[in-house]
Amino acid sequence: MKLSHWKIVFLICFLSAMVCGPFPHHGAEAASGSLCTRYNIHAQNQNGIYKASYANYTNPGPGHVVIPAGSPVSIAKITRKLIDLHFPESNINVQYEFHGPRMGMSAQQYLNIITSVSPVSYSHLSQIDRQGIAAGKAFVGMSREGVRVALGYPAAHRTPSLDSPTYIYWTNRFGTVAVNFDSQGKVTSLIK
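Residue numbers (numbering that gives the first Met the number 0): 0 to 191.
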């Protein structure tokens, strides 16, 4: 049996992927499943299927759930446009949509930002930050870090820098909220 050059290349790539696993993430810890979320995950239960987005729909309507920052998570599957997450403590699977060109990074790079191999602690943040994180909302007086933990990592095509004076978040597919910061990095207003 004679194999063409391209069939051999495909076979080598396929076998390499089978041996090496589906994707690299944070090293050995990810392989053992010991990841946790750095930020709250805003998801929506749509007939038993939980969906979330890189755009962080912070108030998508009925079925909205906030999966707390620091939750153990495993990565079930990752593609260019979709990340399947499993949260073992609540036994929830989340289909997390991702748009690389809008974020300016790959899905793998994004996962490395929103997850951690070490447990996360936000005890160093202010009381108002911790209240916002627990509620999954931004409040006047919160820090940039507190807002990111509460609402999620901001979508880069609308918030190109984490030092921006304004973070833009989507409340749902059709509406946004602007979170404005002063020169000390504290929230001064929220504009819908």
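In this text, a Cβ means the ideal position worked out from N, Cα and C, and glycines have one as well.
The Cβ atoms of Y53 and Y109 lie closer than 9 angstroms to each other.
Beta-bridge partners assigned by DSSP to Q43: K50 and H63. With respect to A154, N58 sits apart: the two C-beta atoms are not nearer than 9 angstroms. Under the 8 angstroms Cβ criterion, the region 80 to 96 does not count as touching the region 121 to 136, having fewer than three qualifying pairs. Note on A149: 16 or more other CB atoms within 10 angstroms of its CB, so buried under the neighbour-count rule. Rounded to whole angstroms, H63 and Q107 show a C-alpha spacing of 25 angstroms. Partner residues in a beta bridge of P153, as assigned by DSSP, do not exist. Contact check for R147 against Y38 passes: the beta carbons are separated by less than 9 angstroms.
Rounded to whole angstroms, T158 and I132 show a C-alpha spacing of 20 angstroms.
Per DSSP, the beta bridge partners of I74 are L84.
G103 sits exposed, since fewer than 16 C-beta atoms from the chains shown fall within 10 Å of its C-beta. Per DSSP, the continuous alpha helix (DSSP H) segment holding A106 begins and ends at A106 to I113. Looking at G47, D181 and Y168, the one whose alpha-carbon comes closest to that of K191 is Y168.
Rounded to whole angstroms, the Cβ separation of L189 and V176 is 6 angstroms, and the two are in contact under 8 angstroms.
Check the Cα spacing between P61 and each of Y152, N171 and H156: the tightest is with N171. Here the alpha carbons of S115 and S89 stand approximately 19 angstroms from one another. When secondary structure is reduced to three states using DSSP, A134 falls in the helix class. In terms of Cβ geometry, V93 and Y152 do not form a close pair [threshold 9 angstroms].
The secondary-structure analysis by DSSP pairs E96 across a beta bridge with S52 and L81.
With 16 or more neighbouring CB atoms inside 10 Å of its own CB, S70 falls in the buried class.
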